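Working notes, beginning with the structure itself.
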Amino acid sequence: MSSTTNTSTNHTSTIGSIGTPSRRNTELALLVFAVLIPVFAYANVGLAINDKVPAGLLSYGLGLGLLAGVAHLAVRKFAPYADPLLLPLATLLNGLGLVTIWRLDQSKLLQSIHVAGGKATNQLLYTAMGIALFIVVLIFLKDHRALQRYTYISMVGAVLLLLLPLVPGLGANVYGAKIWIHVGSFTIQPGEFAKIVLAVFFAGYLMVKRDALALASRRVMGLYLPRGRDLGPIIVVWMISILILVFETDLGTSLLFFGMFIIMLYVATERTSWIVFGLLMSAAGAVGVASFEPHIQTRVQAWLNPMREYTLSRTGSNDGILHSEQAMQALWAFGSGGTLGTGWGQGHSELIRFAANSDFILATFGEELGLAGLMAILLIYGLIVERGLRTSLAARDPFGKLLAVGLSGAFALQVFVVAGGVMGLIPLTGMTMPFLAYGGSSVIANWALIGVLIRISDTARRPAPAPAANPDAEMTQVVRPS
Amino acid sequence: MNKPLRRIAIFCGLLVLTLLLRDNWLQYVKADTLREDPANRRVTIARYSTPRGDIIVDGNPVTGSTASSSSGVNDLKYKRTYKNGPMWAPVTGYASQAFGANQLESLEDGILTGNDDRLFFRNTLDMITGKQKSGGNVVTTLNAAAQSAAYNGLKKQGGKGAVVALDPSTGKILALASYPSYDPSAFAGTSDTDAAAWKKLQKKYNPNDPMLNRALRETYPPGSTFKVVTASAALENGLYTSADEATKSPLPYVMPGTTTELKNEGSIPCKNATMRVALRYSCNTVFGKIGADLGNDKMLAEAKKFGFDSEQFTPVRSSASVFSDNMNQSQTALSSIGQYNTAATPLQMAMVASAVANDGKLMKPYMIDKLQSSNLDTISQTEPEQMSQPLSSSNAQVLQSMMETVVKEGTGTNAQINGVTVGGKTGTAQHGVENSENPYAWFISYAKLPDGSKPVAVAVVIEDDQANRDDISGGGLAAPIAKSVMEAVINSKK
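Spelled out as structure tokens, the structure:
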């Protein structure tokens, strides 16, 4: 990538205007697939469940196609040099998510407990809102560096967003985690939006402070120890994470924010010692809080012994803790899918019940598409992260670099924490798979995230403006000593 | 900033790689374990997703399938039904949407649901031709008339009890009845009614424990019926060589190493009686002494040849009957008349009668004749198999003549059948502390047709805590049931 990074310094005025190809047609071709694959999947679900092609196939296909088309045109117009993969990948995940949500809508069991039924229509609406926000980002954020001006406003905004679920009468306690707020008839997960706002704050703050944090340090046992007063910011972020963990009892959100900060701090300062500090602090925090917070303890217990948790839940154990059979049900769903899966609409992931179409949607993919399908989904996430990091490498300004790495790192951490939780690799947390899972906040926020990444990548890949013609170029002779 | 950025990229790659590895672990390595976990609801869903195959007796199914009520969110399409459920429950077991399955319903679940590997090729064909997958059938060896005679005999009697009838020459189980029984249809579904019916049948709420399969899973002291085993041990070990040789049997008989007298029931001619007379009158002194004379090891060896001390798989598991090891002489004497620790399942005592009837050869008892696919092709056929030879053919014939005397002019006259030679042995086993509880009434027998064939051997046990103690005797309570079962088998052969 260094060649890309260096184009601005190496190019000559004569070829500068050609520069990097815009790749918009590649994006369009990929988008066609990203729309067609979910449309086929949709038809497949209908055939499997009702033995007929679903009536909504045409409108659904047109809807998704239209949204993708508009997004593509917006990119063509406002970010012509953007990365060509981000939009198709996000569209594909979003489309597959819609299909799976519609598939779970057909489950009588989920309808009877009001988890499913008409949710796909809502999700399509949220997708439209998400893509609208995506376009708004592209139109109004002409240059991502403009965000740098809002560093401290972002900080206040992020803290407010994170604290909202704790406001009495506004916050909602859903299955022990308090990461939602009620606004009218809507439920919003402010953490999803806080993710972006916080990345902006960290990027702005670290860009200014990176030299102080990197250079003023003592070397002890191969590690650069930061000065006491430079430890301030990391301790503040750490304490906020701990507060989230204690008061909102959500390990995932807490881990996500702290992890994002550590990643950005490391990239900004190039000091490995921050990683060591970060790991130590997060381990201490998690263990410390888990020692007295019953909700977290239950999650850890369910992770270590899902079958016991299942039995406790089934037998209606009355030990004051809400036990859930979800963890075990998800494992059974994955196992029952096997290598190739049962096929769309033919699994029984509705047995997961609560949150089957949101936190646990990955289990449906695992059961119905099998190991093969789920690995493809995970690789798509991996690709999105990779494109984000590539954008960060290509970015020419430190703020853009930091923002892109923060957003992609947070995305990667979220995917890991959620997928790892659902697959029983780590304890479960209350977050959702970006784009796949049902939920307005998640879809809208992640489209905004993709919008910001596309803006940064456009700036990064855009050929530098041709230098103003120098009237003296011909006349000036450089005299070189021979 | 690019160096740490690349490292972050590697870190993110590792995160995704970890997820991929975990996914492979879950969906490839652990897939089968998770998929087949009995607690995984999908197993139940699959079991009831198509009409279940049937369990067949004499060409007629004793089971069926009906569509579950489609109201609500029931994800199980078909529900099991049973014809004459209480009578066949000890054979079929149950298959309940809510409470799982047991016995044949569970052991042959693969065939009945159609998921068995042996049906794989056919299922694949069905999938290509678009036919619905359907389960195969389990064809049993049972005889409907004999089962009916056994169950109705027990029911008429009213006490708890069990009957097992075998075909001595093959080991086929012809009747397997237990009373009181239960109707597996009552809790086949998932409704509240089903749950209530299930609860009411549990031992906690029903002291009669109707769900206990007494024919296979309950062991009773066999009492005097065990003397047949003792007699065969005496013959096999050459202690006595004929039925009519006088034994060395003092009366009264004080058990070796004790001052306790072993008593007979009433004053019967047991002093130095021949084994024929001793069996006819059921002399405790004679057979107790035979046991003590042979010793623990020889008695145990003989009992084991008859199948004691090991579980039987018919393929439904039967509990192991007990003849103890490391007993002193007096304990061996008591054990040899079917008391002390000795305990036998009804199946075990039927095996004893069957081995004697089959000229000493014990055939392995079994209840599945064959497994069929849904279009009635045979998938597997059970071949009769000899399990052991507890006694020689000549000794078996000596024992037969003794048992035939018992029915002709001894304690078993209630089992006589016109035109058929019946050999048998009664038993009245004491149990409870100081024999305080009502004894068990036993009868084991076989029938010999004029052509010399022996189509049936039976064991009947009745535990009747309502009846008057004096009324209980093997000949009075159990022999009539054995007789009607043998008649049913003989008539169905005609």
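From first to last, the protein sequence lines stand for chains A and B. Residue 66 in the working numbering is what sits at position 64 of the first sequence, and the numbering runs on without skipping anything. Residue 686 in the working numbering is what sits at position 34 of the second sequence, and the numbering runs on without skipping anything. For glycine and all other residues, C-beta sits at the position ideal for the given N, C-alpha and C. As the structure is a computational prediction, the values presented were derived from the model and not from experiment.
Spatial neighbours of residue i in its chain, beta-carbon cut-off 7 Å, leaving aside the 5 residues before and after
{"i": "residue 881(B)", "result": "954, 955, 958 and 1004"}
{"i": "residue 964(B)", "result": "970, 999 and 1017"}
{"i": "residue 354(A)", "result": "328, 331, 332, 335, 362 and 365"}
Residue i (DSSP reduced to helix, strand or coil)
{"i": "residue 202(A)", "result": "helix"}
{"i": "residue 366(A)", "result": "helix"}
{"i": "residue 947(B)", "result": "coil"}
{"i": "residue 1091(B)", "result": "strand"}
{"i": "residue 1052(B)", "result": "helix"}
{"i": "residue 184(A)", "result": "strand"}
{"i": "residue 1138(B)", "result": "helix"}
{"i": "residue 1024(B)", "result": "strand"}
{"i": "residue 1105(B)", "result": "coil"}
{"i": "residue 978(B)", "result": "coil"}
{"i": "residue 1015(B)", "result": "strand"}
{"i": "residue 1113(B)", "result": "strand"}
{"i": "residue 808(B)", "result": "helix"}
{"i": "residue 709(B)", "result": "strand"}
{"i": "residue 837(B)", "result": "helix"}
Given residue i as reference, the closest of the options once Cα atoms are compared
{"i": "residue 40(A)", "options": "390(A), 264(A), 128(A) and 70(A)", "result": "70(A)"}
{"i": "residue 385(A)", "options": "662(B), 654(B) and 773(B)", "result": "662(B)"}
{"i": "residue 1039(B)", "options": "922(B), 898(B), 1106(B) and 1014(B)", "result": "1014(B)"}
{"i": "residue 950(B)", "options": "968(B), 738(B) and 981(B)", "result": "981(B)"}
{"i": "residue 388(A)", "options": "30(A), 445(A), 86(A) and 193(A)", "result": "86(A)"}
{"i": "residue 1061(B)", "options": "732(B), 934(B) and 901(B)", "result": "934(B)"}
{"i": "residue 38(A)", "options": "98(A), 315(A) and 79(A)", "result": "98(A)"}
{"i": "residue 1037(B)", "options": "1065(B), 1054(B), 1057(B) and 1007(B)", "result": "1007(B)"}
{"i": "residue 688(B)", "options": "345(A), 334(A), 408(A) and 377(A)", "result": "334(A)"}
{"i": "residue 747(B)", "options": "769(B), 711(B) and 705(B)", "result": "705(B)"}
{"i": "residue 1093(B)", "options": "1101(B), 1074(B) and 1113(B)", "result": "1113(B)"}
{"i": "residue 241(A)", "options": "164(A), 311(A) and 199(A)", "result": "164(A)"}
{"i": "residue 116(A)", "options": "358(A), 295(A), 90(A) and 55(A)", "result": "358(A)"}
8 Å Cβ cutoff, residue i in contact with chain A
{"i": "residue 672(B)", "result": "yes"}
{"i": "residue 680(B)", "result": "yes"}
{"i": "residue 685(B)", "result": "yes"}
{"i": "residue 727(B)", "result": "yes"}
{"i": "residue 1166(B)", "result": "The displayed coordinates of chain B run from 653 to 1146. Any statement about residue 1166(B) would go beyond what the structure contains."}
{"i": "residue 693(B)", "result": "yes"}
{"i": "residue 785(B)", "result": "no"}
{"i": "residue 936(B)", "result": "no"}
{"i": "residue 761(B)", "result": "no"}
{"i": "residue 779(B)", "result": "no"}
{"i": "residue 1136(B)", "result": "no"}
Residue-level contact to chain B via CB, residue i, 8 Å cutoff
{"i": "residue 394(A)", "result": "yes"}
{"i": "residue 338(A)", "result": "yes"}
{"i": "residue 391(A)", "result": "yes"}
{"i": "residue 378(A)", "result": "no"}
{"i": "residue 402(A)", "result": "no"}
{"i": "residue 449(A)", "result": "no"}
{"i": "residue 16(A)", "result": "Residue placement at residue 16(A) is flagged as unreliable, the pLDDT there being 42, under the threshold of 50; the coordinate-derived value follows with that caveat. Chain B, which has no Cβ nearer than 8 Å to the Cβ of residue 16(A), makes this no."}
{"i": "residue 30(A)", "result": "no"}
Beta-carbon proximity list for residue i, same chain, < 6 Å, skipping 5 on both sides
{"i": "residue 904(B)", "result": "913"}
{"i": "residue 703(B)", "result": "717 and 730"}
{"i": "residue 943(B)", "result": "882, 951, 984, 985 and 988"}
{"i": "residue 708(B)", "result": "789 and 791"}
Close beta carbons around residue i, own chain, < 8 Å, minus the five adjacent residues each side
{"i": "residue 860(B)", "result": "812 and 832"}
{"i": "residue 888(B)", "result": "954, 1042, 1043, 1044 and 1047"}
{"i": "residue 799(B)", "result": "709, 739, 740, 743, 826, 827, 828 and 829"}
Interface flag, residue i vs chain C, CB-CB below 8 Å
{"i": "residue 341(A)", "result": "Checking the listed chains, one finds no chain C in this structure; the protein chains it contains are A and B."}
Quick test of the definition: if touching needs 3 or more C-beta pairs under 8 Å, does the segment 754–761 of chain B touch the segment 843–855 of chain B?
Segments in contact, no.
Quick check: the segment 190–208 of chain A against the segment 150–168 of chain A, are there 3 or more CB pairs under 8 Å?
Result yes; three or more Cβ-Cβ pairs closer than 8 Å.
Check whether the segment 272–279 of chain A touches the segment 244–261 of chain A, taking contact to mean three or more Cβ pairs, one atom from each stretch, closer than 8 Å.
A contact between stretches requires three or more CB pairs, one per stretch, nearer than 8 Å, and the segment 272–279 of chain A fails this requirement with the segment 244–261 of chain A.
If we count Cβ pairs, one from each stretch, closer than 8 Å, do we get three or more for the segment 131–142 of chain A versus the segment 432–446 of chain A?
Three or more pairs of CB atoms, one per stretch, sit closer than 8 Å, so the segment 131–142 of chain A contacts the segment 432–446 of chain A.
Counting beta carbon pairs with one atom in the segment 1136–1144 of chain B and one in the segment 797–811 of chain B, are three or more of them shorter than 8 Å?
Touching, yes, given that three or more Cβ pairs across the two stretches are closer than 8 Å.
Any chance the segment 457–465 of chain A sits against the segment 388–398 of chain A, with 3 or more Cβ pairs inside 8 Å?
Between the segment 457–465 of chain A and the segment 388–398 of chain A, the count of C-beta pairs closer than 8 Å reaches three or more; the two stretches touch.
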